[in-house]
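Count the sequence shown with my numbering and you get residues 1 to 176, in order.
Glycine included, every Cβ here is placed at the ideal spot set by N, Cα and C.
First the structure, in the form of structure tokens, and then the observations on it.
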Amino acid sequence: MTRVVKNRKKIEIRALIPEDWEAVRAIYLDGLATGQATFETSAPTWEEWHSNHLPSARLVAIAEKNVGGIKGWAALSRISTRLVYAGVAEVSVYVAKDCRGQGIGRALLEQLIDESEKNGIWTLQASVFPENAASIALHKDCGFRQVGIREQIGRLNGVWRDTVLLERRSKLAGTQ
Numbered sequence: 001m002t003r004v005v006k007n008r009k010k011i012e013i014r015a016l017i018p019e020d021w022e023a024v025r026a027i028y029l030d031g032l033a034t035g036q037a038t039f040e041t042s043a044p045t046w047e048e049w050h051s052n053h054l055p056s057a058r059l060v061a062i063a064e065k066n067v068g069g070i071k072g073w074a075a076l077s078r079i080s081t082r083l084v085y086a087g088v089a090e091v092s093v094y095v096a097k098d099c100r101g102q103g104i105g106r107a108l109l110e111q112l113i114d115e116s117e118k119n120g121i122w123t124l125q126a127s128v129f130p131e132n133a134a135s136i137a138l139h140k141d142c143g144f145r146q147v148g149i150r151e152q153i154g155r156l157n158g159v160w161r162d163t164v165l166l167e168r169r170s171k172l173a174g175t176q
């Protein structure tokens with residue numbers, strides 16, 4: 001699927017394949033370096049990442065052909081192995097540091113929402129550091145609502161951090 005982002009640039013969004021892993025990992029490392037993207041402090045191996053993410057709705061954004069390369073990725077992970085939560089997933093969206101603010105994250109999240117609904121996911125959730133205002137705004141613009149703030153939910157580099165819990169309920173999946 002091709003989407004037009006800011007400045008009328010076109011990006012292709014396609015399924016993430018194992019051969020994309022090094023580029024995906026590099027973008028993940030960019031996110032880690034900010035200290036505002038995740039509680040993780042190192043990138044997983046492909047095998048670890050693969051086993052922790054749902055097989056459907058794994059996406060990469062590729063820039064225009066003359067620019068080339070993967071500029072962002074998005075994926076879903078289970079929130080629980082319990083059957084009752086089979087239609088609930090956590091969202092991950094990462095954009096290369098030199099491409100942030102160009103609409104790539106929005107294009108990925110919108111496509112991820114579409115793919116999640118096609119695969120029976122009725123609730124998406126995101127847990128975002130309060131300092132990551134751009135991510136919170138993006139999620140709200142894409143139909144997520146703030147459920148609450150989880151105070152001192154975890155430590156990053158020895159510092160207790162809060163997260164904003166955001167949720168999006170599908171109007172299509174799980175409504176039958």
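**Straight-line Cα distance separating LEU83 from ILE27** = 32 Å
**Prompt:** Where does GLU115 land, buried or exposed, given buried means 16+ other C-beta within 10 angstroms?
**Reply:** buried
**Request:** Could you check if TYR85 is buried or exposed, using at least 16 other CB atoms within 10 Å of its CB as the buried criterion?
**Result:** exposed
**Prompt:** If you drop the 5 nearest sequence neighbours on each side, which residues of the same chain put their C-beta closer than 6 Å to that of ALA43?
**Reply:** ARG25, TYR28, LEU29
**Item:** Host beta strand (DSSP E) of ARG161 (start-end)
**Value:** 159-169
**Request:** Assign GLY72 to buried or exposed, taking buried as 16 or more other Cβ atoms, counted over all protein chains shown, within 10 Å of its Cβ.
**Result:** buried
**Prompt:** At which residues does the alpha helix (DSSP H) containing THR34 begin and terminate?
**Reply:** 21-34
**Prompt:** Considering ARG145, what are the terminal residues of the beta strand (DSSP E) in which it resides?
**Reply:** 145-156
**Same chain only: Cβ atoms within 6 Å of HIS53, ignoring 5 sequence neighbours per side** = ALA75, SER77
**Asked** Under the three-state reduction of DSSP, which class applies to TRP122: helix, strand or coil?
**Response** coil
**Message:** Can you tell me whether ALA61 is buried or exposed? The criterion is at least 16 other CB atoms within 10 Å of its CB, across all chains shown.
**Reply:** buried
**Asked** ARG169 to GLU19, Cα distance in whole Å?
**Response** 32 Å
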